[in-house]
Amino acid sequence: MEFSSDLIKGSVVPVVLVLLRERPMYGYEMVKQVNARTNGKLQWREGTLYPTLHKLESEGFISSRWKEAEGGRSRKYYAITRTGRTELDRRAGEWQEFSTSLNRLLAVTKLPVAGGEV
Amino acid sequence: MTGPFDELVGRLTDRLRVDPELQLEVAKELRAHLEDATADYRASGLDDEKARAEAVKALGDETEIADKLWQANYRRLRLRKAARWAFGITIGPAAAVVTIAVGWGAVASLLVAIAAANMLSRNGSGDLSGVFESAHQQILDSVAPSARLVIDVPNESTARIEWAAALVKQSSGDAIYQANYVRQLLTQPELLTQPDLQDQAGKSAVNDHAALGRVLEACRRGQEIEPGNAFYPLVAASVLFENSAKDLSAGDNPRPPISFSYAEPWVDGPPKTNSFDLDQLNVTDPAMFKQGTDALSQAARCTYLESHTRDLLNRQMSLWPPPQRYGDALMAPVFECTTLLPQLNGYRLAINWSCWAAWQAATDGRREEAFKTLDDAKRVSLLASRHSDFLIGLMVVSGMYEQTLGARVLVNDALHLPKDADAAKASYLDYRRFFYSTRNGDSDDGKLAKLIKLHGDCLDAILVPAKSHITDAMLAPGRGAEYALVDRLELTQLVGLLLVMAALKAASAIPRRGRRPAMMFIGWRRLGLITLAAIAPVAAYAIYLSLPTLSGRSFSAEVSTDRLAVEYAAVFALVLTIIGILNGRALRARAAEIGFDQIALPRLRPLAIITGLILGAAVIGELVAWHWTVATPLQRDGLYLPTGYWGFALVPLLLVFGLTRQITKIWFCLGMCVLIAAAASLITAGLSEPFWLALVAIFTVAVISAFAAIGVWRWWSGALRQKMGQFSFGLSSAPALMVAALVLACVGGPLAGAQEKCAVTQMSQPGGSYDLLHEIDYSPWGALQKHLSDQL
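Protein chains in written order, with this note's numbering: chain A, 1 to 118; chain B, 1 to 792.
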């Protein structure tokens, strides 16, 4: 099952922050990581990642630094900042609350799914 | 741009073109992404073309990405623009303002120092004009108007008399001002011979009855105020003698003095015979001359002799603002000289002529009159010694007393009293021995002798030229202030040079022929490193300066001019070179980051490094030559400093080296030329051969000046060529230059100012080397004064 574009769009920021919390990465590396970890279910339109990264950088959530990657090619690595970690925590809490509320709502509604009721 | 994705990336980033640096950076990032994606698709089995197509497809909608990139970076674009604008209008002007403040303070201090030295060099009768006058006026403006009249001592003799008269008029009956008025009247060349004034040397007083009447009237008024003060009749005696007789030792046919010879076995050095001389007079107005001897008798009958110089000086100094700068501190000795000196000449002349009058009376057989005149002169000298206010005054009074002792020998000889003459000669020699032992005694390392020398220098000029004792530690506070002042001036020059360089760099980035200026921000870390590295040579130089033996700062700045110029030029060159090299590296690194690594920036060639080393060797050679020269007494005393010629020639070369760092073979040859000149200088410094040195110096200066001009031209044209593609990167060096200038000005200026103030405070300490008055407390001084007082 592929996720809707709205869901994907809303998840870019927390996903980026989560990835960068592990270690600094460059843009294409993030795309590959997401694909690998979600078995390709979270298909980003790669070009939209960069505006997001630039916006996060201008807001101070991440910082960047040019560095040579493996193979000697120069890549722009992004790293999460302290403000970014706080923002990630805030968003994670928000998402937790949102998903709990949504799950509760979905349980009452009993939406029909293929093969029977939930 | 020649890559396969350049067109696409160009379209994606086109809206960011208002900030070329950001546009290039984003473009490089997108390009790298597409290349990575293509490589992965290729690895999965697609051919090149399909792999590229898949990479572009995966990137997403071109228009949407371009819009989002613009939106995401819009805030950053505005911030960067504002930051650049703020940087440009704050750092540069701030650095300029601080530089002007530092420079202005230093120049003002220098002007006052020159004014003070100028006044001192002419024993307080120097002529101030133009900027010096305005600098002096600045100090006066800081004083309350009521106090200004007291301390605003004019430099010219006539004006000073009017000033003294105004003080008397303002405070009628004030003994201090009345005595000052009389003293100032004595400075008139038509009234008294002024051996201390260069333009009056060899001239005798003319009979100016108006001037004579004025001083006699002032003396009469002074006696009304202080009837028991011998000062007024003594001054009257001096002017009466001077205007009624002619000194026969001067003029075209000088008559030899009356003399006797003696030996001083106690004096160090080879034995030699000295002679006591009494100049002969031709009395042109016997009646007036008689009035002079009568006035001297009247002085001898007084109970004390007080010229009130110390009182006036204390009154003036209490009104003078506390010194802040070197020049202010020098003004104190100026006051002391202008106040203390005028009457001494009159004292000396009165005693000289009365001694001659005694000898003349003895020659004519008027024994009683001869001894009475001598006794009067002796008593007046001793009275004067009791109230001597300062060291130089005591020296003069001691000489007057000694003159009366010597004259007694001649008077006894003239009266044919050989036994009395021998006894008088023994007394004379006793005093000579006592004076010598006091003056040069080992009890306190001959401090009194040093003080006498030092005060002599203060009278000649406080900026003492090369003399045997110029490294005397007693001058240290003044030296410190002097060099702090020079350092401030040089720091201003360095910062000014950096700012001019920054302005030139900025100017070279002005859009020309469609090229847009692009200011690459090399990053705060790199900027900080460049600034620190640029300041390092200045800090290292400051450490070097704290070692007086090495830096030669115990010698006066006047003697060190050539060495200082070379040192400062070397520091300038180092600062400029470091900024140039590090900024170039930072720019290259940043250019590579944003995919513009083909930018052409100057790189140091091995030949340049070798030439730099040669220049370094030349600088060291200059310093060695300077130390060698000042260590050679003959050259030092003659102010012959051969290192100066080629030392100055080295300055433009060093500066051009720092400015361009583009050293070619020609520069290499030039460096060799300087090295040869250094060797020649070292040799000639030892041989004292100015002719050959001058030839070498002229040749070196001519060649270096020509090449310096060529170098500057090449640098300027080279700076304009530093452009690539559609961008000009000239402005990129300006921030580093401006920040370095600001930091140097903000740190170095106050430090040098504080050093000057600290030294000035030390100079102003009571009893310090620059305090002419307070030497009265020094023990040998007191012993001499007591010895003279005991004779009364």
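Glycine included, each C-beta is placed from N, C-alpha and C at the ideal position.
The model shown is predicted, which means the values in this text are computed figures rather than measured ones.
- Taking 7 angstroms as the cut-off, the Cβ atoms of D285(B) and S259(B) do not count as close.
- A residue is called buried once 16 or more other Cβ atoms fall within 10 Å of its Cβ, and S385(B) is buried on that count.
- Scanning chain A for C-beta atoms nearer than 7 angstroms to the C-beta of G658(B) yields nothing, as the closest lies near 31 angstroms away.
- A residue is called buried once 16 or more other Cβ atoms fall within 10 Å of its Cβ, and Q71(B), having fewer, is exposed.
- A Cβ-Cβ distance of about 6 angstroms is found for the pair I594(B) and K28(B), placing them in contact under the 8 angstroms criterion.
- From the beta-carbon of L30(B), the residues of chain A found nearer than 9 angstroms are G27, G47 and Y50.
- From the beta-carbon of K76(A), the residues of chain B found nearer than 9 angstroms are E25, K28, E29, A32 and E593.
- At least one CB atom of chain A sits nearer than 7 angstroms to the CB of R76(B).
- The Cβ atoms of T492(B) and V102(B) sit closer than 7 angstroms to each other.
- Under a 10 Å Cβ-count criterion, S398(B) is classified as buried, with 16 or more other Cβ atoms of the shown protein chains found around its own Cβ.
- Those residues of the segment 57-73 of chain A placed with their C-beta closer than 8 angstroms to a C-beta in chain B are E57, S58, W66 and R73, ordered along the chain.
- Inclusion of Y428(B) and V409(B) in the CB contact set at 7 angstroms is warranted, their separation being smaller than that value.
- Listed by position along chain A, the residues whose Cβ is nearer than 9 angstroms to that of A37(B) are Y28, V31 and E46.
- DSSP lists A245(B) as the beta-bridge partner residues of V283(B).
- Straight-line measurement puts the Cα of L792(B) at about 7 angstroms from the Cα of R379(B).
- Closer than 9 angstroms at the C-beta level to chain A, one finds these residues of the segment 38-59 of chain B: D40, A55, A58 and L59.
- Counting C-beta pairs with one atom in each stretch, the segment 731-747 of chain B and the segment 520-540 of chain B have three or more that are closer than 8 angstroms, which means they touch.
- Within its own chain, the residues whose Cβ lies closer than 6 angstroms to the Cβ of E46(A), once the five positions on either side in sequence are excluded, are V31, listed in chain order.
- When DSSP assignments are scanned along the segment 398-432 of chain B, no uninterrupted stretch of alpha helix (DSSP H) that is 4 or more residues long falls wholly within it.
- The beta carbon of K41(A) does not come within 7 angstroms of any beta carbon belonging to chain B, so the residue lies off that interface.
- Per the Cβ contact rule, the segment 33-44 of chain A is not in contact with the segment 41-57 of chain B (fewer than 3 Cβ pairs under 8 angstroms).
- Between L34(B) and A55(B), the gap from beta carbon to beta carbon is short of 7 angstroms.
- Per DSSP, L278(B) lies in no alpha helix (DSSP H) segment; the continuous beta strand (DSSP E) that holds it begins and ends at T273 to L278.
- Here the alpha carbons of L88(A) and D61(B) stand approximately 28 angstroms from one another.
- CA-CA distance, Q184(B) to A175(B), rounds to 14 angstroms.
- Interface criterion met: the Cβ of L69(B) is under 7 angstroms from a Cβ in chain A.
- Any Cβ of chain A closer than 7 angstroms to the Cβ of A586(B) would place that residue at the interface, and such an atom is absent.
- If you ignore the 5 residues before and after R76(B), its C-beta comes within less than 8 angstroms of the C-beta of L22, all in its own chain and listed in chain order.
- In terms of CA proximity to T309(B), I392(B) leads the group R367(B), E368(B), I392(B) and W266(B).
- K76(A) counts as buried, since no fewer than 16 other beta carbons sit within 10 angstroms of its beta carbon.
- Look at W95(A) here: in three-state DSSP terms it is helix.
- Linking C355(B) to S560(B) through their CA atoms gives a straight-line distance of about 48 angstroms.
- Among the bridge pairs identified by DSSP, I258(B) is matched with L278(B).
- With contacts defined by Cβ atoms closer than 7 angstroms, E490(B) and Y544(B) do not form a contacting pair.
- Chain-order list of chain B residues neighbouring K55(A): A72, by C-beta distance under 7 angstroms.
- Segment contact: the segment 539-555 of chain B against the segment 586-593 of chain B, fewer than three CB-CB distances shorter than 8 angstroms; contact not assigned.
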